[in-house]
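Report on the following structure.
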Amino acid sequence: LLELKKRTLISMYRWSIHGPTTNFVVSLGTVAVVGYGGYLFATEPERFGTGDLLMFFQLGGMLYMPLSQLNGLNNLLATGKASSERVFEMLDYPVEITNPDTPEPFPDGLLEVAFSSVNFAYNGREDLLTDFSLNLEKGKVTALVGHTGAGKSTVANLMQRYYDVTTGTVTINGIDVREMDLVDLRVHIGVVAQDPFLFDGTVRDNLLLANQGATEADLIESLKGSSAWEFVSNLPDKMDTRIGERGIRLSMGEKQRLTIARVILRNPPLVILDEATSSVDTITEAKIQHAVSNLVKERTTLVIAHRLSTVRQADQIVVLEKGRIIEKGSHDELIGGGGHYARLWQTQTDLIAEDAF
504 LLELKKRTLI SMYRWSIHGP TTNFVVSLGT VAVVGYGGYL FATEPERFGT GDLLMFFQLG
564 GMLYMPLSQL NGLNNLLATG KASSERVFEM LDYPVEITNP DTPEPFPDGL LEVAFSSVNF
624 AYNGREDLLT DFSLNLEKGK VTALVGHTGA GKSTVANLMQ RYYDVTTGTV TINGIDVREM
684 DLVDLRVHIG VVAQDPFLFD GTVRDNLLLA NQGATEADLI ESLKGSSAWE FVSNLPDKMD
744 TRIGERGIRL SMGEKQRLTI ARVILRNPPL VILDEATSSV DTITEAKIQH AVSNLVKERT
804 TLVIAHRLST VRQADQIVVL EKGRIIEKGS HDELIGGGGH YARLWQTQTD LIAEDAF
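Residues are numbered in this note's numbering as their position in the sequence shown, beginning at 1, plus a constant of 503.
Written out as structure tokens, the structure is:
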């Protein structure tokens with residue numbers, strides 16, 4: 504990041520000098536042509552008349568534009584060269600996460616995800632997870648809570664194998680995720696992100712991304728299950744209404760519910776809810792929570808949340824701090840323990856009470 508900032512500043516400095524210098528040189532040439540024409544007009548009026556002087560003015564103007572365009576073309580070529588170098592650098596970047604030579608088939612039925620003595624760090628830096636061991640039980644909801652940077656999203660990324668652990672293992676029903684086909688692994692995990700991505704198409708188009716063979720009844724059922732049918736049915740063209748780039752014509756809560764509908768339609772055995780209600784109001788949160796309760800039925804679910812009120816009903820709540828598990832249990836058990844979770848709960852409860860007044 505510092506290197507990128509340094510290069511950007513150097514580029515801006517060079518451009519700030521190059522542009523004015525080029526314009527000055529071109530303008531100087533124009534002045535020279537026009538000045539020479541004026542000199543001839545003044546010293547040799549019998550050979551150089553008014554028409555000739557006007558011609559010199561015209562030549563001066565014609566000289567400026569091609570030279571300016573040539574300068575612009577040079578800048579464009581330089582920018583294109585630098586950009587293409589970056590593109591090819593990315594294309595040539597070695598792929599670190601690869602498929603095994605003989606991948607294991609993805610297991611059937613209810614799934615248990617186990618993190619065993621996991622340590623993880625980006626590029627050899629300080630560990631983000633340290634001696635992390637956790638079981639996501641079959642068909643149960645496990646919630647991760649903690650301050651920003653505690654390692655919650657890292658757990659979700661390792662589960663989807665966007666990164667490989669430094670040491671330890673991540674297994675699904677006893678099979679190491681590094682032994683599975685990447686596409687096969689990820690297609691069995693449904694993700695509802697904090698900022699869901701929707702394409703510039705219709706509601707129907709975005710739903711069918713999850714299941715191309717879904718029927719009309721399947722689509723409506725998934726929308727009803729996610730509490731999205733109540734607003735989709737009121738759209739001008741219902742499911743055939745275009746929602747704009749990234750779903751810009753929908754509210755955040757509507758986008759969340761549509762994303763949940765897409766996950767329901769795919770019907771994955773594993774679900775990750777990454778702070779799905781952190782950017783919505785209380786009423787919308789209640790609607791999303793209802794949709795989530797339908798989504799997680801008989802699915803092994805990992806929930807990442809800042810609002811503790813959204814994970815009260817989780818089967819297991821895990822409190823992270825600096826990549827370590829410091830508390831684990833149900834909501835009532837953790838409140839009764841009077842530890843870190845209880846203090847977080849009290850803080851958020853007090854803030855809600857203050858906002859009410």
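Cβ atoms here follow ideal geometry from the backbone N, Cα and C, with glycine treated the same way. Just so we're clear, the structure is a prediction, and the values are computed from it rather than from any experiment.
Does residue i pass the burial test, meaning 16 or more other C-beta atoms within 10 Å, or should it be called exposed?
| i | result |
| --- | --- |
| Tyr625 | exposed |
| Gly677 | exposed |
| Gly693 | buried |
| Met683 | buried |
| Leu579 | exposed |
| Thr850 | exposed |
| Met568 | exposed |
| Lys584 | exposed |
| Arg846 | exposed |
| Gly654 | buried |
| Tyr539 | exposed |
| Leu768 | buried |
| Ala794 | buried |
| Asn709 | buried |
| Met742 | buried |
Consult DSSP for residue i and reduce its assignment to one of helix, strand or coil.
| i | result |
| --- | --- |
| Val806 | strand |
| Ile763 | helix |
| Lys584 | helix |
| Ala653 | coil |
| Asn709 | helix |
| Leu614 | coil |
| Gly541 | helix |
| Val644 | strand |
| Asn660 | helix |
| Ile838 | helix |
| Gln851 | helix |
Do you know whose CA, among the options, lies nearest residue i's CA?
| i | options | result |
| --- | --- | --- |
| Val534 | Asp667, Gly750, Leu562, Lys509 | Leu562 |
| Leu637 | Ser586, Val648, Gly652, Val621 | Val621 |
| Trp848 | Glu549, Leu632, His650, Arg769 | His650 |
| Leu632 | Glu801, Arg745, Thr669 | Thr669 |
| Leu776 | Ala646, Gly841, Gln715 | Ala646 |
| Leu639 | Gly841, Val821, Glu830, Arg827 | Val821 |
| Ser729 | Val528, Ser796, Asp687 | Ser796 |
| Lys800 | Ile807, Val766, Ile828, Glu830 | Val766 |
| Gly826 | Thr852, Val648, Gln816, Leu688 | Val648 |
| Asn660 | Lys641, Leu685, Gly642 | Leu685 |
According to DSSP, what are the bridge partners of residue i?
| i | result |
| --- | --- |
| Asp679 | Thr674 |
| Glu607 | Met683 |
| Arg827 | Glu824 |
| Asn622 | Thr670 |
| Leu632 | Phe623 |
| Arg745 | Thr705 |
| Asp777 | Ile807 |
| Val814 | Beta-bridge pairing links Val814 to no other residue. |
Does the ligand FMN have even one heavy atom less than 6 Å from the beta-carbon of residue i?
| i | result |
| --- | --- |
| Asn638 | Among the components modelled here there is no ligand, and therefore nothing to report on the ligand FMN. |
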